[in-house]
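K.L.:
Chains as they are written, first to last, in the working numbering: chain E, 18 to 234; chain X, 18 to 234.
Even glycine gets a Cβ: it sits at the ideal position worked out from N, Cα and C.
Computed from a predicted model, the values in this text were never measured in an experiment.
Got a structure here, written out as structure tokens. Questions coming.
Number of protein chains: 2
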Amino acid sequence: MNIVQDKYEQRSQRPATLARKTELAARLIDLADAAIDAAGVQELRARALAEAAGCSVGAIYSVFPDLDELILTVNGRTLDRIDAALAAAVLGCTTPMQQMERLASAYLNYAVDHRGHWSALFQHRMIGERPLPGWYATRLDLAFRHIEGPLQVLRPDLDEASRVQLARTVFSAVHGVVELGLSGKALSGTPETIGDQVQILVSAIAHGLAWKNRELK
Amino acid sequence: MNIVQDKYEQRSQRPATLARKTELAARLIDLADAAIDAAGVQELRARALAEAAGCSVGAIYSVFPDLDELILTVNGRTLDRIDAALAAAVLGCTTPMQQMERLASAYLNYAVDHRGHWSALFQHRMIGERPLPGWYATRLDLAFRHIEGPLQVLRPDLDEASRVQLARTVFSAVHGVVELGLSGKALSGTPETIGDQVQILVSAIAHGLAWKNRELK
DNA sequence: ACCAATTATGAACATCGTTCAAGATAAATA
DNA sequence: TATTTATCTTGAACGATGTTCATAATTGGT
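Following this line, the structure appears as structure tokens:
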């Protein structure tokens, strides 16, 4: 996978140059990743990044069209990490209820442990700016897919499209509690309190869905 | 209510000056309010605001310590408007289920109709910056309070503290669906789809809570 | 060794929010 | 009313920001 070649530069290049650019791209991604994790996406600075990478400021723009695109690439990594955390969370869980609780807890834990990474996912491009790239939605879907397993047990009557949409809805609901909790705009803000509320929410949703299913029979 | 006198300037002032400042403050708030509604908080510019208000850039800083504080004041107005919208939404509703559905719909509608106002509430000060002022939490609580009515019917067993916390949790969940829906990061993004998912979520939560209550009896 | 094409550089640019010396203004005083 | 003094208002200047592009450095072929 060659980021530079694949995504931004298609025109003729000297072979040595391309190798250097891909290496620089990797270094920039790593550094931006660490910087965002440490201080948040708002504190990412082009000049500081260039100095840390040992290159000129202009070099950044020979590899990424702008900082937004670099941030988006880091966000892609974050989505992968969250996906991995969710996958690990459901291992050894049998009941759909327990699976959903573990998934929600894992999501909250990632947000608490990596607030910079996590908030960069949503703090960025909230309004109608450039549309998100296709691979972004694909990776988001991969993360959502973990919720579909327990949902299929709770609501076997739903077709796949409805289940996919419901998975996104449940994810969004948990996300809302995590977001307003961590931002201090609702709830008391401590991870424990947020965790309690996430559990209460997931439990209510799961029981509500199960009740709906029982009603249909 | 005199914003300038009450909040930022306590020292001796000339009477004519104070009158002018309060008038300027009101004008700036109105203009910022309209600008945020029209183009979003990200597009608010000190120079443009000064020109629109017919004052110098420095004059803004004689009335507000910085733009953040002005935005926060506008956010206070937005919270009042949302509070009013929620209050109007539950009029004539009898069942707790219907009340919660109407409340969620009203919240979504406000967000759709006033995305600038709405996103300014959350897009701003997400990370650990200055703590939110006390009146901000108070106004947020007023908005949350509308959900407590139906919750009291669904879960009469809860004490007030738990009910307050549950109200915030339910609000956060609905907010999450609205946010990820409107940002296009989950769900298809059309207000209709988001509305459908909000209804499904609220229904599940309400049934889940009611089931929990029945179980306790 | 030379040259032409390509690539890297970092000062310069446009734009922010914010400040503060200096001019304008209003109250106090003679 | 004229003068003084305290206060307020102004907008150019400051420091930072992301981004660009003329210029210098470098590379690969002849």
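1. When you compare only the Cα positions, how much space is there between L80 (chain X) and L66 (chain X)?
2. What residue ranges within the segment 35-120 of chain X form continuous alpha helix (DSSP H) runs of no fewer than 4 residues, ordered along the chain?
3. What residues from the segment 170-192 of chain X come within 8 Å of chain E, judged by C-beta to C-beta, listed N to C?
4. What are the complete beta strand (DSSP E) segments, minimum 3 residues, inside the segment 172-214 of chain X?
5. Could you have a look at P150 (chain X) and say whether DSSP puts it in helix, strand or coil?
6. Expressed to the nearest angstrom, what Euclidean distance is found between the alpha-carbon atoms of A121 (chain E) and L199 (chain E)?
7. Using only the alpha-carbon positions, how far apart do G225 (chain E) and A221 (chain X) sit?
8. Grab the span of the alpha helix (DSSP H) containing Q140 (chain E) for me, first residue to last.
9. Counting only C-beta atoms, is H134 (chain E) closer than 8 Å to chain X at any point?
10. What residue from E:F188, E:W152, E:V58, E:T90 has the CA that sits closest to E118 (chain E)'s CA?
11. Between the C-alpha atoms of P208 (chain E) and T95 (chain X), what's the straight-line distance to the nearest angstrom?
12. Quick one: does E86 (chain X) have its CB under 8 Å from some CB of chain E?
13. Does DSSP put R156 (chain E) in a helix, in a strand, or in coil?
14. Output, in chain order, the set of chain X residues within a Cβ distance shorter than 7 Å of H224 (chain E).
15. Taking the straight line between their C-alpha atoms, what separation do you get for F139 (chain X) and L41 (chain E)?
16. Is the number of C-beta pairs between the segment 90-105 of chain E and the segment 152-162 of chain E that are closer than 8 Å three or more?
17. Please classify Q30 (chain E) as buried or exposed, where buried requires at least 16 neighbouring CB atoms within 10 angstroms.
18. Thinking just about the alpha-carbon of each residue, which of E:D213, E:Q182, E:R162 is nearest to the one in V107 (chain E)?
19. Pull out every residue of the segment 43-54 of chain X whose Cβ sits closer than 9 Å to any Cβ of chain E, in chain order.
20. How about N230 (chain E) and D174 (chain E): are their beta carbons less than 8 Å apart?
P.N.:
Let me lay it out:
1. The question names Leu, yet the displayed sequence has Val at residue 80 (chain X). Between V80 (chain X) and L66 (chain X), the C-alpha separation is close to 13 Å.
2. 63-70, 74-77, 84-106
3. Q182, L183, R185, T186, V187, F188, S189, A190, V191, H192
4. Runs found: none.
5. coil
6. Spanning the two alpha carbons is a distance of roughly 15 Å.
7. 4 Å
8. Boundaries of the alpha helix (DSSP H) harbouring Q140 (chain E): 132-140, taken from the DSSP string.
9. no
10. E:F188
11. 28 Å
12. no
13. helix
14. G225, W228, K229
15. 35 Å
16. Taking one beta carbon from each stretch, the segment 90-105 of chain E and the segment 152-162 of chain E have 3 or more pairs nearer than 8 Å; the two touch.
17. exposed
18. Across the set E:D213, E:Q182, E:R162, the C-alpha of E:R162 shows the shortest separation from the C-alpha of V107 (chain E).
19. none
20. yes
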